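S.K.:
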Amino acid sequence: MAEPKKRQQDPRTPLESESIPPPVRRRSVLPLEKAPPWLGPVRRRTHIDTLWLLVCAVMSGAGWMFFGWRALWSLAVIVVVAVITFVMATRAIRHFWPARSSESYRHVIVLALLAGLSLQVMHELVIFITAGFVLGLLPHVVGRTHRLRIHSVSVVLVLVWIGPSLLETLSPSLGVKLLDKPVNAVLRPNRLFYGDVSDYTEHISFDRWTSYDGEIETDAMQRFEPYSVLVHDQEKMLEPPSILVNMLTSGELVRIKQLLFGAVPGAIGGSSRGLLILIGFYLIYRRIAQWHTALAGLTAAFTALLLMPVRLGEHVTLVAVALMDLEPAIAISYVSYMLLGSPLVLLVMILAPMSAPIGRTGQVVYGGILGGGLIGCQWFFQTPLAAPLSLLIASALSRPLDVLHRSPFARRMTRNTVLLDG
Amino acid sequence: MARLRGGMEFPAGRLRQIAAPPPRLSATPVVMHVRQRPEVHTGQHVEAGQTVCESRMSGRGNRVSPFEGVIARMELLDDDADHKTYELQIICDHRETPTSISVDLPSGRKLTNWLRVLSRIDPWAEHDGGVGLRSQLESAKDRRPDTVMLNGLDRFASFPDSSSLLASFPDAAAAGLRLIADLVEAPDAVMVVAKDMQIAGQLRSDCRRHSIRLMMKKNTYPTAHPSTLAWVALRDARRLSPGVNPISQHLLMVNPWTAIRLGRWLESQRLDIVRPMFIGWPEPDSHMTVRYALPGQSLLRLHDRLEQCVNRSTMQVLLGHPMNGRKLFSSGSEVDPYDVLVPEDELLLTCLAMDAPAVGQVQACISCGWCAEVCPTRLRPAEMYRLCKRGGPADVLLPQLNWCLDCGLCSYVCPSSLPLTQTFRQMTARFERILK
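Line order of the protein sequences matches chains A and B. All residue numbers for the first sequence refer to my numbering, where the first residue is 5 and numbers rise by one. All residue numbers for the second sequence refer to my numbering, where the first residue is 17 and numbers rise by one.
1) Let me make sure I understand the geometry here. Which of A:A360, A:K261, A:E107 and A:G167 has the alpha-carbon closest to that of A:F427?
2) Rounding to the nearest angstrom, what Cα-Cα distance links A:V164 and A:P388 in this structure?
3) With a cut-off of 8 Å, does the C-beta of B:Q416 fall near any C-beta of chain A?
4) Can you have a look at B:K343 and say buried or exposed, based on whether 16 or more other CB atoms are within 10 angstroms of its CB?
5) Taking only runs that begin and end inside the region 264-312 of chain A, name each unbroken alpha helix (DSSP H) of 4 or more residues, in chain order.
6) Kindly indicate which three-state DSSP category B:H61 falls into: helix, strand or coil?
7) List, in order along the chain, the chain A residues whose C-beta lies closer than 7 Å to that of B:K100?
8) Check B:D158 in the structure and name its three-state DSSP category.
9) Along chain A, which residues have their Cβ under 7 Å away from the Cβ of B:C381?
10) By how many angstroms is the C-alpha of B:T244 removed from the C-alpha of B:G259?
11) Just mark A:V114 as buried or exposed, buried being the case when its beta carbon has 16 or more other beta carbons within 10 Å.
12) For A:G372, does the count of other Cβ atoms within 10 angstroms reach 16, so buried, or fall short, so exposed?
13) Out of curiosity, what's the CA-to-CA distance linking B:L93 and B:P392?
14) Kindly list, in the order they appear in chain A, the residues whose Cβ is closer than 7 Å to that of B:C430.
15) Determine which residues of the region 360-378 of chain A have a Cβ less than 9 Å from any Cβ of chain B, and write them out in chain order.
16) Say whether the region 119-130 of chain A touches the region 399-408 of chain A, bearing in mind that this needs 3 or more beta-carbon pairs closer than 8 Å, one atom from each stretch.
17) Thinking C-beta only, is B:R396 closer than 8 Å to A:I82?
18) Would a C-beta distance cut-off of 8 Å place A:G140 and A:V87 closer than the cut-off?
19) Please report whether the beta-carbon of B:E448 lies at a distance below 8 Å from any beta-carbon of chain A.
20) For the alpha helix (DSSP H) that contains B:L364, what are its first and last residues?
21) Looking at C-alpha atoms only, which residue of B:V56, B:T67 and B:T113 is the closest neighbour of B:I87?
22) Buried or exposed for B:M331, please, with buried defined as at least 16 other CB atoms from any protein chain shown within 10 angstroms of its CB.
23) Could you pull out every residue in the same chain whose Cβ sits closer than 7 Å to the Cβ of A:V352, ignoring the five residues on either side in sequence?
24) Would you kindly work out how many angstroms separate the C-alpha atoms of B:A28 and B:P45, rounded to a whole number?
25) Just grab the DSSP bridge partners of A:D329 for me.
26) State the Cα-Cα distance for the pair A:V349 and A:W68, rounded to the nearest angstrom.
27) Just curious, the beta strand (DSSP E) that B:R233 is in, first and last residue?
28) Just curious, the alpha helix (DSSP H) that A:H51 is in, first and last residue?
29) On the DSSP letters alone, give me the boundaries of the beta strand (DSSP E) that B:A309 sits inside.
30) Less than 8 Å between the beta carbons of B:A253 and B:L267, yes or no?
31) Just by C-beta distance, which residues in the region 259-284 of chain B are closer than 8 Å to chain E?
32) Tell me, please, whether the region 333-342 of chain A touches the region 267-276 of chain A by the rule of three or more beta-carbon pairs shorter than 8 Å.
33) In the DSSP assignment, what residue or residues form a beta bridge with B:V68?
34) When Cβ atoms are compared, which residues of the region 52-81 of chain A fall closer than 8 Å to chain B?
35) Return helix, strand or coil for A:Q226, following the three-state DSSP convention.
36) Between which residues of its own chain and B:P203 is the CB-CB distance below 7 Å, once the five residues before and five after are set aside?
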C-alpha cells in the first residue's frame, strides 16, 4: 500500500525539500455554479423591470398633466387590484405546485400600468377594476416567461372592450352597468395636474385653450378624440374636394403639433405622440426594445395604408392612387394623421417590445404583423380594438416566429428524431 | 473600447513590450503529465532534450526533459482502460534552468523532414487552430491547405496577449509563418491582427519582406476563436466546427507564440522551451504582467501577488480570460494553490477580485433575446437551455450544441442569470461521442 504523500510547503527550495507535492488531478466538468463565465450578468432582470417602471412613471406623469387626478386614480386602482389578485393567485398556485416559479411583482405592476395607460379615462372605475383583476391572473398563464408569449395587456384591452358588449347581449341590465363611456376631454391650462377631467360642460376649440381668459369655470374642455374621428372618416377624407381641409379648418381634427404634444383626448399614457417616440428611442437605446420591430411596424403600417382599397364615387381604387389625385400637402397630411392619430406609436414602440420574438428576422415579421394588422383592422372594421387585436395576434405568433432565427452553421440533423432526457 | 456583439463592451487593454527570454531561469522542479508509460525510472539522471516518454499517438510528440536533472518521482494518476496518465517530477541539477534547448534544424523546407524533428520535441501544444500545430501539419500531408493564417487577434480585448507578442517579435512571427506556409506549400499566408495602427505599423515591413498578407480585423469578442475567424476573415466564409482540424476547410491556423518560436528557432538554432505567461490584474487600469515560465513549474512562483492571494481573500485566479477561463484557485477553494502548475497550452492568467459577480440567482427566462443577439454562431441559447433541461428532440439540440463556441456571452448577458453556457458545456461533455 502506497504511503500518503506529504505536502510541499516551500516550492522555492525544492532541492533541499524531500517532500513531494501532490499531483494535479484531472477535473471533470465543473458544477454549474462554479463554471465560467466569471463576469456578469451585465444587467439583471430587476434592472429591466425598474427601467419599465421608470418609463411607465414618465407616461403616467404626462397622463396626470392632461387628465389630472382622475387619471392617476384610475392607474392606482388597476395597479392595486392587479397586485392583490396576483398575490392571491400566486399563493393559490404555490399551494398546489410549490416549485413553480412566478413572475416578479414589478413586472405585474408594469403590466398593470401599461394597461391603464392604454385605456382612456372613464367616468366609472369598473373597467379598471376588471382589467386589474384579469391582469393579476394572466401572468401565471401567458407572457414573457411562458410558452404562450401573448401580451397580457392586449388580452386585457380586448376583454374590456368586448366583455361588456357580450354581457349586454346576454344580460342587458348588467351589460349597461359595465359599458362605461370614456371621457373625451382634456384639462384646461390652469387646471393641469389637479383638475377633474370629467368636469366639462361645453365644447370649446383648442384655440380658446391657449388664450384662456379665466371666465370659464369648468376644469376641462370636451374635444373630439382624433382616433375616433380618423377611423370614422378615413375614407371620406380622400374624396376631392378634400374633407380633410374642412375638418382641419373647423377644428374637428386637431393639428399635428397638438397630437405630438398630447393635449388631446385618448389613452392616458398615449395622448402625447412626441413623448412616446422619445420613450421608444430611449428603450431602443437601452436595448429593451428592438429598432427592427419599430421600423418594420411603421413601414408595414405605411405600406398597408397605401394598399388599402377605397371607394371614390363609383369605382374602387387604392389609397395610393387616391392620394396621387390630391395635392401633395394634403396627401402628406392624410398619411401623417393616419399614422400619428392611430395608436401605432404606442403599439410598436412601447407595447410591442415586451413580447417580441428573439431573432432579428422574427422581429421584423412581428413588426410587420403589428403595423399591417393595425391598419387593416382599422380600415376594414373601424374598431378601436384594432391595436390590441393586432398585438394579440402578433404576440400569439411570437414564439413560433423564434424559429426564423437560424444559424448559418447549425443544420438540423436529417436522421430520425430522438428525444433527449431532461 | 472593443465593442461586443449585442452592444456590451469590454475595455481594450494596453499593449506590453516583451523582451526576449533570458538565457536561464529559476524554474525547477518541473512536473510532467504523460499519457504513456515513461522511458525513464525514478532516480535516473536525464540530459537536456532526452526523451522521457515516446509518443505513439497521432498529433503528439515525444516528451523531453527540458534540462539536465534527476527523475525525482513517477506516479500513475489515472488508470482507466483507455486513459492512463503518469506524472513525472524532474529536478534540475542547478538552481537555474536553461530557457531553450539546442535542436538541429531540418535541411530544406520539406514537410516530412520537419514533422520528424517536431515529433521529437514536446510540449508543442499551443492549441493552434484548436487542435495544435502538429496535428494540422500531419493532416496537411494528405490535404493541402490553401491558406495559412496566423491568428493574432486577442481572445479578450482587455488582455492583449497576442497583440503584445506580435508587436514585440514582428520579425520572428513573420519568419515562422512563412516557414509553415512553405512547408505546406500554401499559396496564401495571412496574418490577422487587431485594427490598431501601432501593431500594423510594426508588422507591415516584416510581412512585406516575407510575402505575407497583413489583415486587420475589428476584434469583437469572440472573433479570435478559430471558428469565428474562419467565417469572418476569409472571403469564402468557411464553416469550421469547434475542435475540428482546420485542414478540413483547407486552412492551417497558428497562434503567435508558435510562429515566434519557429522564427526564433530559425534565427538562433535553439528552440525556446519557456513560454510567456501574461497575468491580468483585477484593477481596471493596471498593465498586464509578463513572465517567462517553463510548463510544469509551480505557477505561484510567477509573481508575488499570486502567492499573497493564497492567504488573503483578495483574488481568484483563472487560466484563460474571464469569459471562459478555467478557475485555478481562490481563497478557500479546495484546490491547493501549491499544486497548480504552469500549463502547456495557455498563455494567459487572469486574476479577478473576489467580489466579482458570479452566477446570480436563476430566474425564469423572459425571452429578451439578448442571448440570441450576442451568439457569434447565431444559435438560440434560450431554446437550447430549455431542451437541455426538459429534454427535447436531439436533431434540434445536438447540431446547435456542436456549434457552441463556449464563449460565455449568452450567460454574460442573460438578465435572468440562466447558466446557459455552463449547461451547454455539461451537455457537450455528455454527448461528446455523438458530437464528434
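Just so it is clear, CB atoms sit at the ideal spot from N, CA and C, and this is done for glycine as well. Predicted model, so just to flag it, every value in this text is computed and none were measured.
M.R.: Answer, in terms of the structure:
1) Look at the range of chain A in this structure, 5 to 426, and you will see that residue 427 of chain A is not part of it.
2) Here the question's residue 164 of chain A lines up with position 160 in the first sequence. Here the question's residue 388 of chain A lines up with position 384 in the first sequence. So the two alpha carbons sit approximately 12 Å from each other.
3) In the second sequence, residue 416 of chain B corresponds to position 400, counting from 1. Among the residues facing chain A, B:Q416 is included, as its CB has a counterpart in that chain under 8 Å away.
4) Walking along the second sequence from the start, residue 343 of chain B turns up at place 327. When all chains shown are included, B:K343 counts as buried.
5) 277-289 and 295-311
6) Taking the second sequence and counting its residues from 1, one reaches residue 61 of chain B at position 45. Here B:H61 sits in strand by DSSP.
7) Reading the second sequence from its first residue, position 84 is the one you call residue 100 of chain B. By Cβ distance, chain A contributes nothing, its closest Cβ being about 11 Å from B:K100, past 7 Å.
8) What you label residue 158 of chain B is simply residue 142 of the second sequence in a count that begins at 1. Looking at B:D158 - three-state DSSP - the assignment turns out to be coil, as it is neither helix nor strand.
9) Taking the first residue of the second sequence as 1, we reach residue 381 of chain B at position 365. Chain A residues near B:C381: T149.
10) For the purposes of this step, residue 259 of chain B is identified with residue 243 of the second sequence, where counting begins at 1. For the purposes of this step, residue 244 of chain B is identified with residue 228 of the second sequence, where counting begins at 1. Their backbone Cα atoms lie some 12 Å apart in a straight line.
11) The residue you call residue 114 of chain A lines up with position 110 of the first sequence. Looking at its Cβ environment, which holds 16 or more other Cβ atoms inside 10 Å, A:V114 is buried.
12) Residue 372 of chain A sits at position 368 when you count from the first residue of the first sequence. Classification of A:G372: buried, given that the 10 Å Cβ count is 16 or more.
13) To locate residue 93 of chain B, count along the second sequence from 1; it is residue 77. To locate residue 392 of chain B, count along the second sequence from 1; it is residue 376. If you take the alpha carbons of B:L93 and B:P392, they lie about 38 Å apart.
14) As a first step, residue 430 of chain B is located in the second sequence; it is residue number 414 there, counting from the start. Here the neighbours are P45.
15) Listed by position, the residues of the region 360-378 of chain A near chain B (Cβ gap below 9 Å) are A360, P361, I362, G363, R364, G366 and Q367.
16) no
17) Within the first sequence, the letter at position 78 stands for residue 82 of chain A. Within the second sequence, the letter at position 380 stands for residue 396 of chain B. Their beta carbons are not under 8 Å apart, which means A:I82 does not touch B:R396 by this criterion.
18) Translated into the one-based positions of the first sequence, residue 140 of chain A becomes position 136. Translated into the one-based positions of the first sequence, residue 87 of chain A becomes position 83. Their beta carbons are under 8 Å apart, which means A:G140 touches A:V87 by this criterion.
19) For the purposes of this step, residue 448 of chain B is taken as the residue at position 432 of the second sequence. Cβ-Cβ to chain A under 8 Å: no for B:E448.
20) Along the second sequence, read from residue 1 onward, the residue named residue 364 of chain B stands at position 348. Where B:L364 is concerned, there is no enclosing alpha helix (DSSP H), although the beta strand (DSSP E) it sits in stretches over L364 to A369.
21) One-based indexing of the second sequence puts residue 87 of chain B at position 71. Comparing Cα-Cα distances from B:I87 to each of B:V56, B:T67 and B:T113, the minimum goes to B:V56.
22) In the second sequence, residue 331 of chain B corresponds to position 315, counting from 1. The residue is buried, with at least 16 neighbouring Cβ atoms inside 10 Å.
23) By one-based count along the first sequence, residue 352 of chain A stands at place 348. Cβ within range, chain order: T297, A298, G301, L302, G371, L374 and G375.
24) In the second sequence, counting from the first residue as 1, residue 28 of chain B sits at position 12. In the second sequence, counting from the first residue as 1, residue 45 of chain B sits at position 29. Roughly 36 Å between the two C-alpha positions.
25) The sequence position of residue 329 of chain A within the first sequence is 325, counting from 1. Per DSSP, none; premise fails for A:D329.
26) As a working mapping, residue 349 of chain A is identified with position 345 in the first sequence. As a working mapping, residue 68 of chain A is identified with position 64 in the first sequence. Going from the Cα of A:V349 to the Cα of A:W68 covers about 20 Å.
27) Here residue 233 of chain B refers to the residue found at position 217 when the second sequence is read from its first residue. Reading off the sequence shown, one finds Lys at residue 233 of chain B, where the question assumed Arg. That run of the beta strand (DSSP E) goes R229 to K233.
28) One-based indexing of the first sequence puts residue 51 of chain A at position 47. Segment R49 to F100, the alpha helix (DSSP H) holding A:H51.
29) By one-based count along the second sequence, residue 309 of chain B stands at place 293. Note, B:A309: beta strand (DSSP E), T305 to A309.
30) Translated into positions along the second sequence, residue 253 of chain B becomes position 237. Translated into positions along the second sequence, residue 267 of chain B becomes position 251. Not a contact, by the Cβ cut-off of 8 Å.
31) Absent here is chain E; the protein component of the structure consists of chains A and B.
32) In this structure the region 333-342 of chain A does not touch the region 267-276 of chain A; the number of beta carbon pairs closer than 8 Å is below three.
33) What you label residue 68 of chain B is simply residue 52 of the second sequence in a count that begins at 1. Answer is none; B:V68 lacks a bridge partner.
34) Result list: I52.
35) Working through the first sequence from its first residue, we reach residue 226 of chain A at position 222. DSSP places A:Q226 within a strand segment (E or B) once states are collapsed to three.
36) Within the second sequence, numbered from 1, the residue matching residue 203 of chain B stands at position 187. These residues qualify, in order along the chain: D162.
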